[in-house]
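> Have a look at this one.
Protein chains: 2
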Amino acid sequence: MGPVPAGGVIVAIGDDCAVYRPQGAKEDLVFTTDMMHEGVHFLMETHSARDIGYKAMARGLSDIAAMGAEPRFALLSLSLTAKTDAKWVEEFYKGLLDLALAHGAPLLGGDTAKASAMSCDVIVCGGVPRGKALLRSGAVPGDRIFVSGLLGGSAAGLRTKKADAWKRHLRPKPRLNLGQFLRQKRLASALMDLSDGLSTDLHRMVNASGVSAELDGLPPLFPGATLDEVLHGGEDYELLFTAPRRAKVPAEFEGLPLTRIGSILKHGKVPVTWNGAPLPALGWDHFTK
Amino acid sequence: MGPVPAGGVIVAIGDDCAVYRPQGAKEDLVFTTDMMHEGVHFLMETHSARDIGYKAMARGLSDIAAMGAEPRFALLSLSLTAKTDAKWVEEFYKGLLDLALAHGAPLLGGDTAKASAMSCDVIVCGGVPRGKALLRSGAVPGDRIFVSGLLGGSAAGLRTKKADAWKRHLRPKPRLNLGQFLRQKRLASALMDLSDGLSTDLHRMVNASGVSAELDGLPPLFPGATLDEVLHGGEDYELLFTAPRRAKVPAEFEGLPLTRIGSILKHGKVPVTWNGAPLPALGWDHFTK
Chain A
3 MGPVPAGGVI VAIGDDCAVY RPQGAKEDLV FTTDMMHEGV HFLMETHSAR DIGYKAMARG
63 LSDIAAMGAE PRFALLSLSL TAKTDAKWVE EFYKGLLDLA LAHGAPLLGG DTAKASAMSC
123 DVIVCGGVPR GKALLRSGAV PGDRIFVSGL LGGSAAGLRT KKADAWKRHL RPKPRLNLGQ
183 FLRQKRLASA LMDLSDGLST DLHRMVNASG VSAELDGLPP LFPGATLDEV LHGGEDYELL
243 FTAPRRAKVP AEFEGLPLTR IGSILKHGKV PVTWNGAPLP ALGWDHFTK
Chain B
3 MGPVPAGGVI VAIGDDCAVY RPQGAKEDLV FTTDMMHEGV HFLMETHSAR DIGYKAMARG
63 LSDIAAMGAE PRFALLSLSL TAKTDAKWVE EFYKGLLDLA LAHGAPLLGG DTAKASAMSC
123 DVIVCGGVPR GKALLRSGAV PGDRIFVSGL LGGSAAGLRT KKADAWKRHL RPKPRLNLGQ
183 FLRQKRLASA LMDLSDGLST DLHRMVNASG VSAELDGLPP LFPGATLDEV LHGGEDYELL
243 FTAPRRAKVP AEFEGLPLTR IGSILKHGKV PVTWNGAPLP ALGWDHFTK
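Chains as they are written, first to last, in my numbering: chain A, 3 to 291; chain B, 3 to 291.
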């Protein structure tokens, strides 16, 4: 991160969160914003108000986890249509606030508007000791690559609308304790959350770090997920991290498996390979889908 | 504000901004979020991309001014349709960033998404010395009520699409210097910005302060504005403040008139009167319009 300034902007556009250093403060503050739109991120027919509220907050908290930070507070901009009834709004807030308060992030304020479709923008602020935020850009050649949990569940759930995979799609768990554990134990050199699919997110990490990556074997598979969903399916909200070779990464943390899936190499022509062949970024791209 | 805590949430939902106190920091941080939706807040046919970007940022900066704070940074969540072209986006960013950077608020990050209509959510963070944020809730009986500038211009501009009133609608000026001046000189007991119309915003101030208000004479009229637009027209983004009787409020600040429009009374049955008759809150209400 270069010389540490006394205050101001530390990390701008490009990581899971922006990092701001208040003058004289004990901790850096990290900020993330995440929008959800009816018809794009959810359907009123298949997603309950409470699930939508939960997920809107879970996505923001996952970005806080991805910096190794602790949630401090949240803001909400909420757009409703003329048809939205009071019960729906109450359930939405319940889903959002239950999760936020369980993780120490009270809702401080925001904005409301009427629009032609329901949408929301959740802003979450987290705190992390000065200069200790875990960035995407810290991976170096020789580091090992890990993921938490099982991948592909959210995409499989969206396809089947069934069983645990559908629950995973509706109610992803922000890995806040794991993010803080990795920071406190100095286990991770780079950290991000898996929101747009392993292939796409890993490309972002190696790009930010100026390195390449090789994956081997099969990433840990959520029951019922296809290979395509494991490699490219979005919205798992597990953590992707790299660890120096000497770091003692446990096989699991609070019952969640931590699986080694590959290694970081020097920057080469192919950003990411999987079992020897190039792995393209085929996850979610906000600008093409 | 009661006993001043060492850190945490100071002001939650209900003021122009939320106030957060980072542990050990020299200043409190204030946060505002403001959404704009195509078809609700602007039309692609009549509003240029650069004007839309400008106004999205101006609304947030006006909330920072309304706390007596200085801008520190901004975040942007931006939703575009499949039809939005690159030139439009470039012009939008130019309008937004030119204003933000002119006021010391670099863009730190945010989110992007595709949606069925263009919308944006601007988050602005400001800084103010600990415990010195100017709230809506500080007005006490005997205080005098002031507004900056001329009122009704934005509503008149939206009606006529002509001359200075249309410019005022498209390019409201956040009164940042005035807000900081009022705080530094300890001139204001309560402060907010006029976003939804004088009648509605003044009701909010007296409600937050637990007082009533009487207005007399005619509030300062933007050329071409009707009486209805002066009293109830939104989006002027001028400042509304109360000052103790002993406070020496100048007649103007940096060329902007500061006009006394009434007085604060003890809490009574009628929240706001104008020349002796009840003045209802007929400005913009996000939940009925």
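A virtual CB, placed ideally from N, CA and C, is assigned to each residue, including glycine.
Note that the structure is predicted; figures quoted are calculated from it, not measured.
So the candidates are B:ILE147, B:LEU196, B:ASP166, B:LEU78; which of them puts its Cα closest to the Cα of ILE125 of chain B?
ILE125 of chain B has its Cα closest to that of B:LEU78, out of B:ILE147, B:LEU196, B:ASP166, B:LEU78.
> Between SER197 of chain A and chain B, is the shortest Cβ-Cβ distance under 8 Å, so that the two count as touching?
no
> The beta strand (DSSP E) that contains ASP65 of chain B, what's its start and end?
Element bounds for ASP65 of chain B: not the beta strand (DSSP E) but the alpha helix (DSSP H), 51-67.
> Give, in chain order, every unbroken run of the alpha helix (DSSP H) that is at least 4 residues long and sits entirely within the segment 186-239 of chain A.
Those alpha helix (DSSP H) runs which fall completely within the segment 186-239 of chain A and span 4+ residues are 200-211, 229-234.
> With the cut-off set at 8 Å, would you say GLY154 of chain A and HIS171 of chain A are in Cβ contact?
no
> Please determine, among A:ALA117, A:ALA60, A:THR35, the residue with the shortest C-alpha to C-alpha distance to GLY97 of chain A.
It is A:ALA60 whose Cα lies nearest to the Cα of GLY97 of chain A.
> Listing by chain order, which chain A residues have their CB less than 9 Å from the CB of VAL42 of chain B?
Residues of chain A passing the Cβ test: SER81, ALA115, LYS116, ALA117, SER118.
> From what residue to what residue does the beta strand (DSSP E) around VAL130 of chain A run?
Run containing VAL130 of chain A: 121-131, per the beta strand (DSSP E) assignment.
> Alpha carbon to alpha carbon, what distance is there between GLU254 of chain A and PRO222 of chain A?
13 Å
> With 8 Å as the threshold, decide whether the Cβ of TYR22 of chain B is near any Cβ in chain A.
It does: the Cβ of TYR22 of chain B has a partner Cβ on chain A nearer than 8 Å.
> For CYS19 of chain A, which of A:VAL130, A:LYS28, A:ALA84 has the nearest alpha-carbon?
Of all alpha-carbon atoms in A:VAL130, A:LYS28, A:ALA84, the one lying nearest the alpha-carbon of CYS19 of chain A is that of A:VAL130.
> The ligand MG and LEU99 of chain B: does any heavy atom of the ligand fall closer than 7 Å to the residue's C-beta?
For the ligand MG, the structure offers nothing, since it holds no ligand at all.
> Relative to the alpha-carbon of SER300 of chain B, which residue among B:LEU258, B:LYS271, B:TRP276 has its alpha-carbon at the smallest distance?
A query on residue 300 of chain B cannot be resolved here, the shown segment of chain B reaching from 3 to 291 and no further.
> Using 8 Å as the limit for Cβ to Cβ distance, is LYS96 of chain A near chain B?
So no, LYS96 of chain A is outside the interface.
> Terminal residues of the continuous alpha helix (DSSP H) containing PHE94 of chain A?
Where PHE94 of chain A is concerned, the enclosing alpha helix (DSSP H) stretches over 88-104.
> Helix, strand or coil for LEU152 of chain A? Go by DSSP, reduced to three states.
coil
> Looking at chain A, is there any beta carbon in it that lies within less than 8 Å of the beta carbon of PRO176 of chain B?
no
> Does the beta carbon of HIS85 of chain A come closer than 8 Å to any beta carbon on chain B?
Correcting the residue identity first, residue 85 of chain A is Lys in this sequence and not His. Chain B, which has no Cβ nearer than 8 Å to the Cβ of LYS85 of chain A, makes this no.
> Mind pulling the chain B residues with CB within less than 8 Å of LEU77 of chain A?
ALA20, PHE33, THR35, ILE125
> Note down, in chain order, each residue of its chain lying with its Cβ closer than 6 Å to the Cβ of GLY4 of chain B, except the 5 sequence neighbours on either side.
In this prediction, GLY4 of chain B scores a pLDDT of 42, lower than 50, which makes its location untrustworthy; the coordinate-derived value is nonetheless stated afterwards. Within the same chain, GLY4 of chain B has no close Cβ partners at all.
> Between which two residues does the alpha helix (DSSP H) containing ARG170 of chain B stretch?
165-172
> Could you tell me how far apart the beta carbons of ALA279 of chain A and ALA190 of chain A are, in whole angstroms, since I believe they sit closer than 8 Å?
27 Å between Cβ atoms; not a contact.
> Does DSSP put GLY9 of chain B in a helix, a strand or coil?
coil
> Can you confirm whether the segment 12-27 of chain A touches the segment 105-117 of chain B when touching is taken to mean that 3 or more C-beta pairs between the two stretches lie within less than 8 Å?
yes
> Just mark LYS291 of chain A as buried or exposed, buried being the case when its beta carbon has 16 or more other beta carbons within 10 Å.
Residue confidence for LYS291 of chain A is low, a pLDDT of 44 falling below 50, so the modelled location carries little weight and cannot support an answer.
> Classify GLU40 of chain B: buried if its beta carbon has 16 or more other beta carbons within 10 angstroms, exposed otherwise.
Residue burial is scored here from C-beta neighbours: GLU40 of chain B has at least 16 other C-beta atoms within 10 angstroms and is therefore classed as buried.
> Can you check which of these residues, A:LYS164, A:LEU31, A:ALA117, is closest to LEU82 of chain A by C-alpha distance?
A:ALA117
> Starting from the C-beta of ILE66 of chain B, find all residues in its chain whose C-beta is less than 6 Å away, skip the five residues before and the five after it, and write them out in chain order.
PRO73, VAL126, GLY128
> Using only alpha-carbon positions, find the residue among A:GLY199, A:TYR239, A:ILE147, A:LYS268 that is nearest to ALA58 of chain A.
Nearest C-alpha to ALA58 of chain A: A:TYR239.
> At the 8 Å Cβ level, is LEU137 of chain B part of the contact set with chain A, yes or no?
no
> To the nearest whole angstrom, what separates the beta carbons of PRO143 of chain A and LEU267 of chain A, a pair I think is in contact under 8 Å?
6 Å
> With a threshold of 8 Å between beta carbons, is ASN277 of chain B in contact with chain A?
No, ASN277 of chain B does not count as interfacial toward chain A.
> What would DSSP say about LEU45 of chain B, mapped onto helix, strand or coil?
coil
> Give the straight-line distance between the Cα atoms of GLY199 of chain A and ASP166 of chain A, rounded to the nearest whole angstrom.
19 Å
> Output the residue ranges of the alpha helix (DSSP H) runs that lie fully inside the segment 237-287 of chain A and measure 4 residues or longer, sorted by chain position.
none
> Give a yes or no on whether 8 Å exceeds the smallest Cβ distance from HIS171 of chain A to chain B.
no
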